[in-house]
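*Asks:* Heads up: the sequence shown begins at 1 in my numbering, then just goes up one per residue. The beta-carbon is built from N, C-alpha and C at its ideal position, and this holds for glycine as well. Sharing a structure with you now.
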Amino acid sequence: MSRGSEGRIGKMSLAVLDISFIHLGYLTVYWLSNESAVPFHYVQAAPWVSAIAFIIFYLFGFYMDWQRKSFQQMACTILLSLGIVAVLITIANIVYPMATFSTQLILTASLIHAVSILLSRLIIWQVIRMVHGRKRLLIIAEDEKNGLSLADKLLSHHKGWFIVSKLVTLKEKDKLTDCLKEIDVVLISDSINGKQRSELINLCAKQEKEVLVVPQLFEIFIHGSVHQQVDDMLVLSIPPTKLSGARRAVKRTFDFVVAAILLVAVSPVTICLWVLIPLTSKGPALFKQERLGRNGKPYQIYKFRSMVQNAEKDTGPVLATERDPRITAIGRLIRATRLDELPQLYNVLKGEMSLVGPRPERKFFYDQFQQYLPEYSNRMTVKPGLTGLAQVMANYTTAPEDKLRFDLMYIRHYSFGNDIKILFQTIWVIFQKNKAEGVVETNSQKKKRLLQLLSQNQAAGQ
């Protein structure tokens, strides 16, 4: 059985277990309320409850690489997903009233769901770790700077699946064979090109090591391509990085309808911000700024002002930093909760933006990125989005090339279902502070800290 098949069976088993806990929660409440039998209304509603729960769990990435997440990440995802499930069941109960689904019943059952699913995950998580242990990971990079950058990303998830125990650069290739004997997984940096990468993968394969590869940008275009035979040659067919006319029509219709509904739904919030922002800092509530849209066409983006008026008058275009003095008191709140982006629903309504897509960039920064990332222009083949795959998978401080990987992957594998999934995952992002923090300035102590952590992990793994 292939690893992919094993993974699918594992996810299906986990989904069945989760849905069982959902029904167990409701049955427990009935039992505690001295019901002699399960009400017939619940038997009728059970398939719909199962469907709602499974769809929400899937959209929130419940089963996506869950065992490699920290317990805090896992718990937050579970609690938020269960909260959405409870709200949807409550709404369904209002539309189609059933005596068996009182508000008290839903709340009590949701508490049981949270406890049971969290405990089951924790038990399964610990059993897997006891059986397999945390995998020791080796980073192979072109140089120490690049390797430490990758180590920093992995060490920030120190409670996850890996122990980052070693770092080897290309200058130290002679140490590689011995290092491979002491580790379980190898991560190969994107800074290693062509033949050298192939040699490293072959070496790891001979020693039966799992290999993780940071893809180079061109490799994302190849991912998922269709193979064809031309005479005695095998060739890969890579379609253009753009959406078909039918997909654009469906996406535009969805954008218009949802943006119109959301503009009405959030109008109380927008009215409050319209009043509060000018009261707390000098200047208007709204500001507009030129961004590049589809095919590089400039347009005016609208945002609630989160910085002092004329913030770039003396500095010119600069990215926000983590404690940026230009950000106002209320600005910190609306940036952290993404409320400053609400006026862009009007851009979506006008057809200048989409609900989901690569975030729009200013020409100043686009020109900079384009100089060392030639593939950056491929983001322009679709409309910019209010949110995107890079926003739910990365942070504000994530490097442009890493965000570009997510943007290209989104365009390359576009589907309407993925748009829905990203919209739901954006709800979870709002509750993560690190996703909205500004650019963090590095210091000379960072290298020392990372090397110390690597040394500690190496000692612990021996």
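Kindly indicate which three-state DSSP category glycine 385 falls into: helix, strand or coil?
*Replies:* Walking along the sequence shown from the start, residue 385 turns up at place 385. Correct three-state label for glycine 385: strand.
*Asks:* Report yes or no: is there a C-beta of chain C within less than 8 Å of the C-beta of tyrosine 299?
*Replies:* Included in the structure is just one protein chain, with no chain C present.
*Asks:* Within 10 angstroms of the Cβ of histidine 113, are there 16 or more other Cβ atoms? Answer buried if so, exposed if not.
*Replies:* Locating residue 113 in the sequence shown gives position 113, where the first residue counts as 1. Within 10 angstroms of the beta-carbon of histidine 113 lie 16 or more other beta-carbons, which makes it buried.
*Asks:* Looking at serine 50 and isoleucine 89, is the spacing between their C-beta atoms short of 8 Å?
*Replies:* Within the sequence shown, numbered from 1, the residue matching residue 89 stands at position 89. Within the sequence shown, numbered from 1, the residue matching residue 50 stands at position 50. Contact flag unset, no.
*Asks:* Since serine 81 and phenylalanine 60 are thought to touch, with beta carbons under 8 Å apart, how far apart are those beta carbons, to the nearest angstrom?
*Replies:* Along the sequence shown, read from residue 1 onward, the residue named residue 81 stands at position 81. Along the sequence shown, read from residue 1 onward, the residue named residue 60 stands at position 60. About 4 Å separates the two Cβ atoms, so the contact holds.
*Asks:* For a test of the three-state rule: what should DSSP assign to glutamate 210, helix, strand or coil?
*Replies:* Here residue 210 refers to the residue found at position 210 of the sequence shown. It is a strand residue.
*Asks:* Give the straight-line distance between the Cα atoms of leucine 14 and tyrosine 63, rounded to the nearest whole angstrom.
*Replies:* Mapped onto the sequence shown, residue 14 falls at position 14. Mapped onto the sequence shown, residue 63 falls at position 63. Distance between the alpha carbons of leucine 14 and tyrosine 63: 8 Å.
*Asks:* My assumption, with CB atoms under 8 Å, is that valine 186 sits in contact with leucine 167. Please give the rounded CB distance.
*Replies:* Counted from its first residue, the sequence shown places residue 186 at position 186. Counted from its first residue, the sequence shown places residue 167 at position 167. At roughly 11 Å, the Cβ-Cβ gap does not stay under 8 Å, so valine 186 and leucine 167 are not in contact.
*Asks:* Who are the near neighbours of arginine 412 in its chain, counting only those whose CB is closer than 8 Å to its CB and skipping five residues on each side?
*Replies:* If you number the sequence shown from 1, residue 412 lands on position 412. If we look at arginine 412 and ignore the five residues flanking it on each side, its Cβ neighbours are Ile220, Phe221, His223, Gly224, Thr241.
*Asks:* How close, in whole Å, do the beta carbons of glutamine 371 and threonine 426 come, if the pair is a contact with beta carbons under 8 Å?
*Replies:* Residue mapping note: residue 371 aligns to position 371 of the sequence shown, counting from 1. Residue mapping note: residue 426 aligns to position 426 of the sequence shown, counting from 1. Not quite, the Cβ-Cβ distance comes to about 30 Å (not below 8 Å), so this is no contact.
*Asks:* Excluding the five sequence neighbours on either side, which residues of its own chain have a C-beta within less than 6 Å of the C-beta of proline 284, listed in chain order?
*Replies:* Indexing the sequence shown from 1 puts residue 284 at position 284. The beta carbon of proline 284 is closer than 6 Å to none in its chain, skipping five residues each way along the sequence.
*Asks:* Give the C-beta separation of leucine 154 and valine 164 to the nearest angstrom, bearing in mind that I take them to be a contact with Cβ-Cβ under 8 Å.
*Replies:* To locate residue 154, count along the sequence shown from 1; it is residue 154. To locate residue 164, count along the sequence shown from 1; it is residue 164. Right, their Cβ atoms sit about 5 Å apart.
*Asks:* Determine the DSSP secondary structure at valine 356, reduced to helix, strand or coil.
*Replies:* Sequence index remark: in the sequence shown, residue 356 carries index 356 (1-based). DSSP places valine 356 in strand when its eight states are reduced to three.
*Asks:* For threonine 103, count neighbouring Cβ atoms within 10 angstroms of its own Cβ and tell me buried if that reaches 16, exposed if not.
*Replies:* In the sequence shown, residue 103 corresponds to position 103, counting from 1. Under this definition threonine 103 is an exposed residue.
*Asks:* Is the Cβ-Cβ distance between isoleucine 301 and glutamine 344 less than 8 Å?
*Replies:* As a working note, residue 301 is residue 301 in the sequence shown. As a working note, residue 344 is residue 344 in the sequence shown. Yes, the Cβ-Cβ distance between isoleucine 301 and glutamine 344 is below 8 Å.
*Asks:* Is DSSP giving isoleucine 183 helix, strand or coil here?
*Replies:* Residue 183 sits at position 183 when you count from the first residue of the sequence shown. Three-state DSSP puts isoleucine 183 in coil, outside helix and strand.
*Asks:* For isoleucine 430, I'd like the list of residues in its chain whose CB is within less than 7 Å of its CB, leaving aside the five on either flank, ordered along the chain.
*Replies:* Within the sequence shown, residue 430 is the residue found at index 430, counting from 1. Thr337, Arg338, listed in sequence order.
*Asks:* Between Met380, Ile334, Arg136, which has its C-alpha nearest leucine 243's C-alpha?
*Replies:* Residue 243 sits at position 243 when you count from the first residue of the sequence shown. Selected option, being the one with the closest Cα: Met380.
*Asks:* Terminal residues of the continuous beta strand (DSSP E) containing phenylalanine 162?
*Replies:* Taking the sequence shown and counting its residues from 1, one reaches residue 162 at position 162. It spans 162-169 - the beta strand (DSSP E) in which phenylalanine 162 sits, taken as one unbroken run.
*Asks:* Helix, strand or coil for serine 13? Go by DSSP, reduced to three states.
*Replies:* What you label residue 13 is simply residue 13 of the sequence shown in a count that begins at 1. Reduced to three states, the DSSP call for serine 13 is helix.
*Asks:* Beta-carbon separation of serine 189 and isoleucine 140 under 8 Å?
*Replies:* In the sequence shown, the residue the question calls residue 189 occupies position 189. In the sequence shown, the residue the question calls residue 140 occupies position 140. Going by C-beta atoms, serine 189 is nearer than 8 Å to isoleucine 140.
*Asks:* Name the residue from Ser306, Arg248, Leu32, Phe254 whose alpha carbon lies nearest to the alpha carbon of isoleucine 327.
*Replies:* By 1-based counting over the sequence shown, the position of residue 327 is 327. Of the candidates Ser306, Arg248, Leu32, Phe254, the one whose C-alpha sits nearest the C-alpha of isoleucine 327 is Ser306.
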